[in-house]
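What the sequence shown shows, in our numbering, is residues 3 to 235, in sequence order.
Glycine residues also receive a C-beta, built at the ideal position from the N, C-alpha and C atoms.
Heads up: the structure comes next, in structure tokens.
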Amino acid sequence: MCRCMTDWSMLCRVGYVRRCAATLNPILGAVACRQKHTLPDLPYDYGALQPHICAEIMQLHHSKHHAAYVNNLNVTEEKYQEALAKGDVTTQVSLQPALKFNGGGHINHTIFWTNLSPNGGGEPQGELLEAIKRDFGSLQKMKEKMSAATVAVQGSGWGWLGFDKDSGRLRIAACANQDPLQGTTGLVPLLGIDVWEHAYYLQYKNVRPDYVKAIWNVVNWENVSERLQAAKK
């Protein structure tokens, strides 16, 4: 083979590699410049949900507990990206529990804050109310069923009202620890009640049923309705 053909083949290969590198650079750059998760601001003051949830609980819950989930999630994701880049499958697998716990904690609390409002309570309206009546008989029956499931959580966890996309119906479920509802059950989360002790102990001590009863007074039904509409799309 003549030298000119050899040189031409090499140039073609070099050009191909450069084109591949140019294509990969944005992807690699996106991974390297991954935006970190941040603690969302509350849409109300820490004391806005009193007397049902005191300001001290809200401040600790948001600025300490939720913040810890966010920080630990960022650290875990960084370690996961490093393991991914190295092809270290063992480390990737070992990080899964931390991703689930801290990622779930961030997801769950981000929903929780918007599910509550100082102007909450009362009854939902429109399509949400009709769906509740269809699937549970009445709002009161839904609240009783969800309260019972939430109070019955062993140890720490969450009670949820979720939307089942397959059946088009509302469902009640409970999840342990910080397990995210959708990732665990497939249900789209609409309304969550946090029954980790840090969510109520300073005010309600170990009387979880009183806390669950009180929280209905600050449920933001407008937010729950918006989540139902989004879940149906």
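Measure the CB-CB distance between P42 and W115 and report whether it falls below 8 Å.
yes
Throw me the rounded Cβ distance for the V197 and S149 pair, which I believe falls under 8 Å.
Rounded, the Cβ-Cβ distance is 11 Å, inconsistent with contact.
Is the separation between the beta-carbon of L62 and that of N104 shorter than 8 Å?
no
Where do the ends of the beta strand (DSSP E) carrying I174 lie?
R171 to A178
Taking DSSP's pairing of strands, which residues face W162 in a bridge?
A175 and G194
When the Cα atoms are used, what is the spatial distance from G123 to V77?
37 Å
Less than 8 Å between the CB atoms is what I'm expecting for A176 and V155, so what's the real figure, rounded?
5 Å
Identify every residue that forms a DSSP beta bridge with L118.
V221
With respect to the alpha helix (DSSP H) encompassing A1, which residues constitute its N-terminal and C-terminal limits?
Because the chain in this structure spans residues 3 to 235, residue 1 falls outside the shown range and cannot be described.
Mapping the DSSP letters down to three states, classify I109 as helix, strand or coil.
Three-state result, I109: helix.
Give every residue of the same chain whose Cβ lies closer than 7 Å to the Cβ of N179, excluding the five residues on either side of it in the sequence, and list them in chain order.
Counting only Cβ-Cβ distances below 7 Å, and skipping sequence neighbours, we find F103, S158 and G159.
The ligand MN heavy atoms versus the CB of A70: any closer than 7 Å?
This structure lacks the ligand MN, and indeed carries no ligand of any kind.
Could you name the residues of the same chain whose beta carbon sits closer than 8 Å to that of G49, not counting the 5 residues immediately before and after it, in chain order?
C56, A57 and M60
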